[in-house]
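Undergrad: There's a structure below that I have some questions on.
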Amino acid sequence: MSALDYSVFKFVFFPSLEESRGEESSQDLRLRRAIRFSLDSQDDFRSYPFVVFDLETTGLDSNRDKILEIGAQKIVGFSVVDEMSTLISAKIPPSALATVERISGITPDMLTGQPSVEEVLPRFLEFIKGSILVAHNASFDMGFIRAECLRQGVELDWPVFCTLKMAREILARLARKNLDTLAEHYGFSFEARHRSIGDVKVTVAVLRELLMKEASHLLKWADMSPYRA
């Protein structure tokens with residue numbers, strides 16, 4: 002088997018979502034699609050495409066809150082070769098309306114007529130084929146992606162690393178490691194921050210600078226172990 006072990010919609014048995022939460026017996030199994038992509042520890046991870054992505058959500062709880070927007074850019078050799086950006090139709094609970102609009106500027110009217118998450122998630126999974134996922138605070142974004150995959154009957158096993166984790170270790174001297182601080186550190190200026198594609202563009206620029214400068218010594222996938230999510 003080659004180092005690239007990738008299977009799309011391979012059917013295997015996994016415990017049901019309810020069982021994974023401890024609510025059902027071990028005999029309750031559901032047929033799920035397993036989507037997997039893996040790298041060997043000695044692979045040159047820079048030779049793979051990266052998909053840098055960001056989500057806007059109604060809150061912080063991946064089991065209860067909803068994805069409102071997905072933005073992603075595919076980069077090869079530090080050049081953007083493809084982009085995905087879409088709002089997602091969702092019923093926003095009244096308690097989340099003010100917070101969502103204040104943080105991201107997304108209003109319920111903007112979500113009217115947008116595709117459902119059931120339509121968008123398969124598009125995103127197609128978009129990331131053969132690529133390493135990257136996000137700033139990747140555990141948050143991947144938590145929502147994996148939770149939505151489970152709701153749609155998909156078990157996702159994918160390589161992903163976090164630029165926030167990288168910055169915390171490699172740029173330890175910076176007081177803060179959020180995207181605004183990192184953009185200022187590298188002298189970037191971006192519009193449309195706090196919308197998915199805006200944050201993606203900042204993350205792409207930060208990633209490029211990290212890998213070309215402070216993190217230039219990171220070459221193998223094993224080197225990225227401290228930064229994986």
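Counting in this note's numbering, the sequence shown runs from 2 upward without gaps. Where a beta carbon is used, it is the ideal one built from N, C-alpha and C, also for glycine.
Among Ser117, Ile146, Glu84, which residue has its Cα nearest to the Cα of Pro50?
TA: By one-based count along the sequence shown, residue 50 stands at place 49. Checked all of Ser117, Ile146, Glu84; the closest Cα to Pro50 is Glu84.
Undergrad: Specify, as a first and last residue, the run of the beta strand (DSSP E) that Leu134 falls within.
TA: Looking up residue 134 in the sequence shown gives position 133. Where Leu134 is concerned, the enclosing beta strand (DSSP E) stretches over 133-136.
Undergrad: Helix or strand or just coil, what does DSSP make of Leu122?
TA: To locate residue 122, count along the sequence shown from 1; it is residue 121. Reduced to three states, the DSSP call for Leu122 is helix.
Undergrad: Let me confirm a value: His137 is counted as buried when at least 16 other C-beta atoms fall within 10 Å, else exposed. Which label applies?
TA: Mapped onto the sequence shown, residue 137 falls at position 136. Buried, because 16 or more other Cβ atoms sit within 10 Å of the Cβ of His137.
Undergrad: Using the three-state DSSP reduction, which class does Leu61 fall into: helix, strand or coil?
TA: What you label residue 61 is simply residue 60 of the sequence shown in a count that begins at 1. Residue state, collapsed to three classes: coil.
Undergrad: Report yes if the CB atom of Leu180 is closer than 9 angstroms to the CB atom of Val207, and no otherwise.
TA: Locating residue 180 in the sequence shown gives position 179, counting from the first residue. Locating residue 207 in the sequence shown gives position 206, counting from the first residue. Contact: yes.
Undergrad: Report the three-state DSSP secondary structure of Asp66 (helix, strand or coil).
TA: Here the question's residue 66 lines up with position 65 in the sequence shown. Three-state result, Asp66: coil.
Undergrad: If you count every other CB in all the chains shown that lies within 10 Å of the CB of Gly188, and 16 or more means buried, which is it?
TA: The count along the sequence shown starts at 1 and reaches residue 188 at position 187. Exposed: under 16 other Cβ atoms inside 10 Å.
Undergrad: Hey, would you say Lys221 sits closer than 9 angstroms to Ser132, going by beta carbons?
TA: Locating residue 221 in the sequence shown gives position 220, where the first residue counts as 1. Locating residue 132 in the sequence shown gives position 131, where the first residue counts as 1. Not closer than 9 angstroms, so no.
Undergrad: On the premise that Ser190 lies in contact with Ser86, defined as a C-beta separation below 8 angstroms, what is that separation, rounded to the nearest angstrom?
TA: Stepping through the sequence shown from its first residue, residue 86 is reached at position 85. Stepping through the sequence shown from its first residue, residue 190 is reached at position 189. The pair is not a contact, with the Cβ atoms about 20 angstroms apart (cut-off 8 angstroms).
Undergrad: Within a Cβ cutoff of 7 angstroms, which residues of the same chain sit near Asn64, ignoring the five residues on either side of it in sequence?
TA: Along the sequence shown, one-based indexing puts residue 64 at 63. Here the set comprises Ala148.
Undergrad: Can you give me the C-alpha to C-alpha distance between Phe79 and Arg209, rounded to a whole angstrom?
TA: In the sequence shown, residue 79 corresponds to position 78, counting from 1. In the sequence shown, residue 209 corresponds to position 208, counting from 1. Roughly 6 angstroms between the two C-alpha positions.
Undergrad: Report the rounded CA-to-CA distance for Arg177 versus Leu40, giving the unit in angstroms.
TA: Taking the sequence shown and counting its residues from 1, one reaches residue 177 at position 176. Taking the sequence shown and counting its residues from 1, one reaches residue 40 at position 39. Cα to Cα, the separation comes out at about 31 angstroms.
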